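One structure below.
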C-alpha cells in the first residue's frame, strides 16, 4: 500500500467510528439490563441468572470487537 493511502486510512479508519458507536450502544444496553436486575425478588433469581449469563456472552462478544479494533489500530500504525 502506498504511503499516501496509508496516511488517508490512518486519518479516517474505515468503519472505526461506527464500530465504536455500536460498542458504546451495546454497553449502554447491558448497563440498563444490570440496573433492571438490581433489587429483584428472590422468586425471580433464576430468571435473573439466565439474564446475567446472557449479558456475560454479550460482554465476551464486545471484548472480541474491541480486540478487533485494537488489531486494526496496530495495522494502521505500522
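In the numbering used here, the protein residues as written are 1272 to 1349. The beta-carbon is built from N, C-alpha and C at its ideal position, and this holds for glycine as well. Only a predicted model underlies this, so the values are computations on that prediction, with no experimental measurement involved.
Rounded separation between residue i and residue j - CA only
i: residue 1298; j: residue 1323; result: 14 Å
i: residue 1328; j: residue 1319; result: 14 Å
i: residue 1347; j: residue 1333; result: 21 Å
i: residue 1313; j: residue 1287; result: 43 Å
i: residue 1337; j: residue 1291; result: 8 Å
i: residue 1276; j: residue 1342; result: 19 Å
Sequence-distant residues of its chain with Cβ nearer than 8 Å to residue i (five each side left out)
i: residue 1317; result: none
Chain-order list of residues whose beta-carbon lies under 7 Å from that of residue i (same chain, five-residue window excluded)
i: residue 1304; result: 1322 and 1326
i: residue 1294; result: 1333, 1336 and 1337
Inter-residue CB distance, residue i and residue j (contact presumed, cutoff 8 Å)
i: residue 1311; j: residue 1330; result: Wrong, their Cβ atoms sit about 20 Å apart, outside the cutoff.
Whole alpha helix (DSSP H) runs in the stretch 1286-1324 with 4 or more residues, listed along the chain? 1287-1308
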